[in-house]
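Below is one structure; the comments refer to it alone.
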Amino acid sequence: MATSVYGVKLRDLAEIPHYTSTGREDVTQYRRVDLENYLVAKYGSKLGWLREIACRDMVERKIQEMEQQEREEREAYMESLAPGFAIYAQLIDLEETNKSLLEQCSKRFAALTSALKSRGLQLRPTFKPCEQFIVAGDGNISDVVDTTEEMRFLDICTDYLRRCQWKVQSGHHGNKAICEEAKMELCIAYLENHRGLRLPRKWEDCRSRFEEVRRTGGIPQCEGRYIYSE
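Following this note's numbering, the numbering of the sequence shown begins with -11 at its first residue and continues without gaps.
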């Protein structure tokens, strides 16, 4: 209250008499008369003090107005970009304000959305590879689409999550390594028996190496890293 209501600057607080409440050592309190006397002395009169507060409030209002205007301008600009991009940006808490960078993000968003749609997929706001591609341009768009398709298959058609949890409980280390190992195992299992399902393109691309291992007398489960490698 000393700073917000009376307008005392933080650097001046040490010069004003203060005390601590019993049982509340973390709360410093000031008497109103001490605050008023200090501020009147500092600004020469009560009128001078009130003018200082009015000036401070005016500056704060001006800053708030400018910030509000900037928010409105950004929102209007976001709506002018690719359809759906403004909503996606909100979902991932994108705070970028540079228009040039936002335009680049919007173009990548549109390109990825179209590429996913051609594969019968939807953009997943919670899927980090998609976000990293849109926001930073990380990765290749075809790889992002393949990975998105793979994750949808894993989530819907397999015990991927339960398998990862079991590996963690069994003492396996490294979340990323655990996930990759589970994907590799499932890829090989479904290449052996697709169970009537259409497999992700990423897994179908592994089929030639899978067949090579079997043709040469190898055991696919023992050659998982080679088969699943890109």
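No residue lacks a Cβ here, since even glycine has one placed at the ideal position from N, Cα and C.
**Message:** Among Cys145, Val47, Ile129, Arg62, whose alpha-carbon lies nearest the alpha-carbon of Tyr178?
**Reply:** On the sequence shown, residue 178 is found 190 positions in, with the first residue counted as 1. For Tyr178, the nearest C-alpha among the options comes from Cys145.
**Request:** Would you be able to state if there are at least three C-beta pairs under 8 Å between the segment 184 to 197 and the segment 112 to 122?
**Result:** no
**Item:** Where the alpha helix (DSSP H) through Val47 begins and ends
**Value:** Here residue 47 is taken as the residue at index 59 of the sequence shown, counted from 1. Element bounds for Val47: 34 to 67.
**Asked** Cα separation between Glu21 and Thr85?
**Response** For this step, residue 21 is matched to residue 33 along the sequence shown. For this step, residue 85 is matched to residue 97 along the sequence shown. Just to set this straight, residue 21 is Val in the shown sequence, not Glu. Taking the straight line from one Cα to the other gives about 46 Å.
**Asked** What residues in its chain sit with their C-beta under 7 Å from that of Ile122, if we drop five residues either side in the sequence?
**Response** Numbered from 1 along the sequence shown, position 134 holds the residue referred to as residue 122. Excluding residues within five positions, the ones whose Cβ falls inside 7 Å are Cys93, Arg96, Phe97, Leu100.
**Asked** Exposed or buried, Cys175, counting other C-beta atoms within 10 Å across all chains shown (16 or more means buried)?
**Response** For this step, residue 175 is matched to residue 187 along the sequence shown. Buried is the call here.
**Prompt:** What are the boundary residues of the alpha helix (DSSP H) that Leu89 is part of?
**Reply:** Mapped onto the sequence shown, residue 89 falls at position 101. Note, Leu89: alpha helix (DSSP H), 87 to 106.
**Asked** For the alpha helix (DSSP H) that contains Ile176, what are its first and last residues?
**Response** Here the question's residue 176 lines up with position 188 in the sequence shown. Ile176 -> alpha helix (DSSP H) spans 163 to 180.
**Prompt:** Can you name, in chain order, every residue of its own chain whose Cβ lies under 7 Å from the Cβ of Asp126, other than the five neighbours on each side?
**Reply:** By one-based count along the sequence shown, residue 126 stands at place 138. Excluding residues within five positions, the ones whose Cβ falls inside 7 Å are Gln120.
**Request:** Tell me whether Leu23 is buried or exposed, calling it buried when 16 or more other Cβ atoms sit within 10 Å of its Cβ.
**Result:** Locating residue 23 in the sequence shown gives position 35, where the first residue counts as 1. So Leu23 counts as buried.
**Message:** Please list the terminal residues of the continuous alpha helix (DSSP H) segment that includes Cys109.
**Reply:** Looking up residue 109 in the sequence shown gives position 121. In the sequence on display, residue 109 carries Leu and not Cys. Taken as a continuous stretch (DSSP letters only), Leu109 belongs to no alpha helix (DSSP H), as it is neither H nor E.
**Asked** Of all Cβ atoms in chain D, is any one closer than 9 Å to the Cβ of Glu91?
**Response** Chain labels in this structure do not include chain D; a single protein chain is all it has.
**Request:** For the alpha helix (DSSP H) holding Arg197, just list the boundary residues, first then last.
**Result:** For the purposes of this step, residue 197 is taken as residue 209 along the sequence shown, with counting starting at 1. Start and end: 195 to 203.
**Message:** For the structure I just gave you, are there three or more beta carbon pairs, one from the segment 183 to 190 and one from the segment 129 to 138, closer than 8 Å?
**Reply:** yes
**Message:** If the criterion is Cβ atoms closer than 9 Å, does the pair Lys171 and Leu142 meet it?
**Reply:** One-based indexing of the sequence shown puts residue 171 at position 183. One-based indexing of the sequence shown puts residue 142 at position 154. Yes, Cβ-Cβ distance for Lys171 and Leu142 is below 9 Å.
**Message:** Looking at Met236: is its Cβ nearer than 9 Å to the Cβ of Leu90?
**Reply:** In the structure as shown, the chain starts at -11 and stops at 218, and residue 236 therefore has no counterpart that could be examined.
**Message:** My assumption, with CB atoms under 8 Å, is that Leu27 sits in contact with Val47. Please give the rounded CB distance.
**Reply:** Mapped onto the sequence shown, residue 27 falls at position 39. Mapped onto the sequence shown, residue 47 falls at position 59. Actually they are not in contact, since the Cβ atoms of Leu27 and Val47 sit about 18 Å apart, beyond 8 Å.
**Nearest neighbour of Glu169, chosen from Cys210, Arg203, Ser68 [CA to CA]** = On the sequence shown, position 181 is the one that residue 169 refers to. Answer by Cα proximity: Cys210.
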